[in-house]
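Below you'll find the structure, written out as structure tokens, and then a few comments.
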Amino acid sequence: MFGSEPDPFDEMDRMMRYFIGEVDSLFDTNSKCLKPLHRERVTDEELIVTLDLPCVASRDDIKLTSTEESIFVEARMKKPVMLRVGGSSQKRIEFERFSKRIKLSRHVDPNRASAKFRKGILTIRLPVKEEGRAVDIG
Amino acid sequence: MEGRSQAKIIENRGIKLTKPYVVVGVPDVGLVGLIASSFMIEHANMQEVGYVESESLPQVVMVHGSVPLPPVRLYASGDGKLVILLSEIPLPPRSSYEVASELESWALDKSAEAVIGLSGLPSSERLESDSDSKPKVFGISNNDLMIKEVGKYGVQPFEEGMITGTYATLINKGRLLGVNNLLLLAESYPEFPDPSAAASVVGVLNSMLGIKLDLKPLIEESEEIRLKMRDMMRRTQMTASQVGSPPSAYA
């Protein structure tokens, strides 16, 4: 809060997470699978999800499914890629595909969803489902 | 904070600089500055000539090929006309202020021609559109002549918006000390690494500084760079979200 000194343990914890933690979640080393970076943008009518899928050759290499609450993307890379994984001590692991389930921030209509794949970026447009009922104000 | 900042630039050995341009690449939007600077250091055969020492920097040593290196380093070209400050870690706010302040004072001491920041302007349109056009570059400077000059290379003036973080301090301190400052912002993917945006700013520097770097490797390796920089992108976003800061620039 205002005027208080920063807690050194908070600082240390933040530092550890900053350099070692969480970032590992971009990799699933057991299944040699990368979790793609993604972004979600909400407009009045739709939810636009973009996923960074570099080294994926074409839309034929991507499997995409959607429910009202989530999407699931799986994509195969052109060739296996060796990446350094880990925080302080890194090791090299080969990856050959992307996979990610994304919980959406709004309910959508999957039947009217559309997607395109350009320049290694998958853009999915999902119309937001209208929810709730009008309430009479007496 | 009064006077000179707590950070200090340590020169590794007696370096000879002749009115250098000082280019700055720190991780932020699209990692444009970091990707562009790393590419220039490698392809213009620049040598490490110093680093930044500061109590406020995270206590980190980068290890490359068994060699321990400080995370914020300075590189120079053989003719001493170009210097690059590269940060391999996202800078927390206090470090960012101190590093930028010290760099401006150092640039003044070295009679630098100008300090040039490289960054990205987050663009949802670039991310979601089908267009294959090259990312546009926008410029901000405390010297009208510089804006006119880069205008010749296709840089449009950044007319309205806000700059935050390292590049904001560079501009503010540059004004205070009378050091020429230029910030080049390429339209960039907001939250994904964007080597094409980096290629756009290097293209401007090619013309402006006459360095004539071949951009082909940057374009050709763009997909691999995007893969390798995912970690850094995530760490950069985590740093920004922890301090609740907006992107470094928005219009």
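Respectively, the protein sequence lines represent chains A and B.
In case it helps, our numbering puts the first sequence at residues 1 to 138.
In case it helps, our numbering puts the second sequence at residues 1001 to 1251.
Where is the CB? At the ideal position from N, CA and C, for every residue including glycine.
All of these numbers come straight from a predicted model, not from anything done at the bench.
Which residue from the options puts its Cα closest to that of residue i?
i	options	result
VAL42 of chain A	A:ARG125, A:GLY132, A:GLY138	A:ARG125
SER1119 of chain B	B:TYR1189, B:LEU1215, B:ILE1211	B:TYR1189
GLU1220 of chain B	B:ALA1199, B:GLY1210, B:ALA1186	B:ALA1199
ASN1142 of chain B	B:VAL1150, B:GLY1174, B:PRO1090	B:GLY1174
GLN90 of chain A	B:GLU1102, B:VAL1063, B:ILE1084	B:VAL1063
THR1018 of chain B	B:ASP1109, B:GLN1059, B:PRO1092, B:LYS1216	B:ASP1109
LYS100 of chain A	A:ALA75, A:LEU47, A:LEU83	A:ALA75
ARG1073 of chain B	B:SER1037, B:SER1056, B:SER1105, B:MET1232	B:SER1037
PRO1058 of chain B	B:SER1096, B:ASP1028, B:ASP1214, B:MET1040	B:SER1096
MET82 of chain A	B:ALA1044, B:SER1222, B:LYS1228, B:PRO1027	B:LYS1228
PRO1102 of chain B	B:GLY1203, B:ASN1172, B:ILE1015, B:GLU1042	According to the sequence displayed, residue 1102 of chain B carries Glu and not Pro. Out of B:GLY1203, B:ASN1172, B:ILE1015, B:GLU1042, B:ASN1172 has the C-alpha closest to the C-alpha of GLU1102 of chain B.
GLU1104 of chain B	B:SER1241, B:LEU1218, B:THR1166, B:SER1207	B:THR1166
PHE1039 of chain B	B:SER1241, B:LEU1213, B:GLU1223, B:GLY1014	B:LEU1213
ALA1100 of chain B	B:ALA1186, B:MET1233, B:VAL1179, B:SER1207	B:VAL1179
LEU1170 of chain B	B:GLY1161, B:SER1066, B:GLU1098	B:GLU1098
ILE1035 of chain B	B:SER1133, B:THR1239, B:GLU1224	B:GLU1224
GLY1014 of chain B	B:GLN1047, B:ILE1041, B:ASP1194	B:GLN1047
HIS1043 of chain B	B:LEU1127, B:MET1162, B:LYS1216, B:SER1066	B:LYS1216
PRO1195 of chain B	B:ASN1012, B:GLY1033, B:VAL1115	B:GLY1033
When the Cα atoms are used, what is the spatial distance from residue i to residue j?
i	j	result
VAL128 of chain A	ILE137 of chain A	25 Å
GLU131 of chain A	LEU51 of chain A	26 Å
ASP1079 of chain B	ILE1009 of chain B	20 Å
ARG84 of chain A	ARG133 of chain A	51 Å
VAL1061 of chain B	PRO1070 of chain B	5 Å
ILE1211 of chain B	ALA1076 of chain B	13 Å
SER1129 of chain B	PRO110 of chain A	22 Å
LYS79 of chain A	ALA57 of chain A	10 Å
GLN1237 of chain B	ASP1028 of chain B	8 Å
VAL49 of chain A	THR123 of chain A	6 Å
GLU1149 of chain B	SER1207 of chain B	10 Å
GLU1088 of chain B	SER1124 of chain B	26 Å
PHE1158 of chain B	GLY1139 of chain B	5 Å
LEU1031 of chain B	VAL135 of chain A	48 Å
SER1054 of chain B	ARG1094 of chain B	10 Å
GLN1156 of chain B	TRP1106 of chain B	29 Å
GLU1160 of chain B	PRO1135 of chain B	19 Å
VAL1026 of chain B	SER1056 of chain B	16 Å
PRO1068 of chain B	LYS1016 of chain B	25 Å
Does residue i come out as helix, strand or coil in the three-state DSSP assignment?
i	result
SER1207 of chain B	helix
LYS1102 of chain B	Checking the sequence shown, residue 1102 of chain B turns out to be Glu, not Lys. GLU1102 of chain B falls in the helix class under three-state DSSP.
PRO1217 of chain B	helix
PHE52 of chain A	The displayed chain sequence assigns Asp, not Phe, to residue 52 of chain A. In the structure shown, ASP52 of chain A sits in a strand (DSSP, three-state: E or B).
LEU126 of chain A	strand
ASN1172 of chain B	helix
GLN1156 of chain B	strand
PRO1190 of chain B	coil
ASN30 of chain A	coil
PRO80 of chain A	strand
LEU64 of chain A	strand
ALA1007 of chain B	coil
LYS35 of chain A	coil
ARG1234 of chain B	helix
VAL1150 of chain B	helix
ALA1107 of chain B	helix
ALA134 of chain A	coil
Taking the CB atoms as reference points, tell me whether residue i and residue j lie closer together than 7 Å.
i	j	result
VAL1022 of chain B	ALA1168 of chain B	no
LEU1091 of chain B	VAL1024 of chain B	no
PHE1192 of chain B	LEU104 of chain A	no
LEU1183 of chain B	VAL1137 of chain B	no
LEU53 of chain A	PHE95 of chain A	no
TYR1153 of chain B	VAL1204 of chain B	yes
VAL1049 of chain B	ALA1007 of chain B	no
GLU45 of chain A	HIS107 of chain A	no
SER66 of chain A	ALA113 of chain A	yes
PRO1020 of chain B	LEU1121 of chain B	no
ALA115 of chain A	LEU47 of chain A	no
ILE93 of chain A	THR29 of chain A	yes
LEU26 of chain A	ARG1230 of chain B	yes
- prompt: For the region 1012 to 1099 of chain B, which segments carrying the alpha helix (DSSP H) assignment without a break, of at least 4 residues, lie completely within its bounds, in sequence order?
  reply: 1032 to 1043
Would you mind listing the beta strand (DSSP E) stretches within the region 1110 to 1142 of chain B that are 3+ residues and don't spill past its ends, in chain order?
Counting only runs of 3 or more, we get 1114 to 1122, 1137 to 1141.
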